[in-house]
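Below: one structure, written as structure tokens.
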Amino acid sequence: VEYHPNAGKPIVMVPFAEFSQGHAPKSYTSDPCMALWYPFCTHLDFDLAEFICGAALNREQTNFILKLSRCFHTEECTLETYNNLESTWQAASHCMMMSHTKVVDMVTADSAQLINELCAMPMQCR
Numbered sequence: 234v235e236y237h238p239n240a241g242k243p244i245v246m247v248p249f250a251e252f253s254q255g256h257a258p259k260s261y262t263s264d265p266c267m268a269l270w271y272p273f274c275t276h277l278d279f280d281l282a283e284f285i286c287g288a289a290l291n292r293e294q295t296n297f298i299l300k301l302s303r304c305f306h307t308e309e310c311t312l313e314t315y316n317n318l319e320s321t322w323q324a325a326s327h328c329m330m331m332s333h334t335k336v337v338d339m340v341t342a343d344s345a346q347l348i349n350e351l352c353a354m355p356m357q358c359r
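Every position in the sequence shown, counted from 1, becomes a number in this note's numbering once 233 is added.
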């Protein structure tokens with residue numbers, strides 16, 4: 234074995250039989266502490282990545298869901314099922330802006346025009 238001159242190691246003569254035995258590749262044995270979700274650091278990381286991939290989220294949506302997941306450590310999420318979420322959406326829909334259209338007569342220098350105007354009126358939540 235001849236090392237690089239900067240290594241400062243002398244040349245070593247090793248018979249082929251000894252060299253191959255000492256440097257034979259080791260057979261693969263799984264590391265018992267290696268998690269099933271490797272190379273992800275945590276199981277949650279793996280689950281989030283699986284969800285993001287399955288949902289085909291874009292970069293902006295992915296960043297949002299990752300940011301949101303970091304909040305789970307500081308806030309309690311009370312939504313447990315789709316039905317919880319759906320009933321909350323239903324309750325929130327009553328708080329949305331209600332709008333109506335009215336026709337306004339406008340006279341300009343050229344001609345009279347009817348213009349549809351969209352008016353938004355906040356609806357009070359009950």
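Glycine included, each C-beta is placed from N, C-alpha and C at the ideal position.
Using the C-alpha atoms, what's the distance from residue j back to residue i?
i: residue 244; j: residue 272; result: 40 Å
i: residue 354; j: residue 322; result: Low per-residue confidence applies at residue 354: pLDDT is 49, beneath 50, and the placement is therefore not dependable, though the value from the model is reported in the following sentence. Their backbone Cα atoms lie some 20 Å apart in a straight line.
i: residue 285; j: residue 239; result: 50 Å
i: residue 327; j: residue 291; result: 30 Å
i: residue 250; j: residue 235; result: 17 Å
i: residue 298; j: residue 308; result: 15 Å
i: residue 314; j: residue 296; result: 23 Å
i: residue 294; j: residue 319; result: 21 Å
i: residue 288; j: residue 300; result: 17 Å
i: residue 237; j: residue 252; result: 19 Å
i: residue 324; j: residue 283; result: 31 Å
i: residue 305; j: residue 311; result: 11 Å
i: residue 276; j: residue 316; result: 26 Å
i: residue 388; j: residue 274; result: This structure leaves residue 388 out entirely; the chain is present only between 234 and 359.
Taking the Cβ atom as the reference point for each residue, do residue i and residue j lie within a distance shorter than 8 Å?
i: residue 302; j: residue 269; result: no
Reducing DSSP to helix, strand and coil, say where residue i ends up.
i: residue 242; result: coil
i: residue 276; result: helix
i: residue 286; result: helix
i: residue 270; result: coil
i: residue 291; result: coil
i: residue 319; result: helix
i: residue 251; result: helix
i: residue 304; result: helix
i: residue 312; result: coil
Is it buried or exposed, residue i, if we count other Cβ atoms within 10 angstroms and call 16 or more buried?
i: residue 357; result: For residue 357, the pLDDT reaches just 47, beneath the cut-off of 50, and the residue's location in the model is therefore unreliable, leaving the point undetermined.
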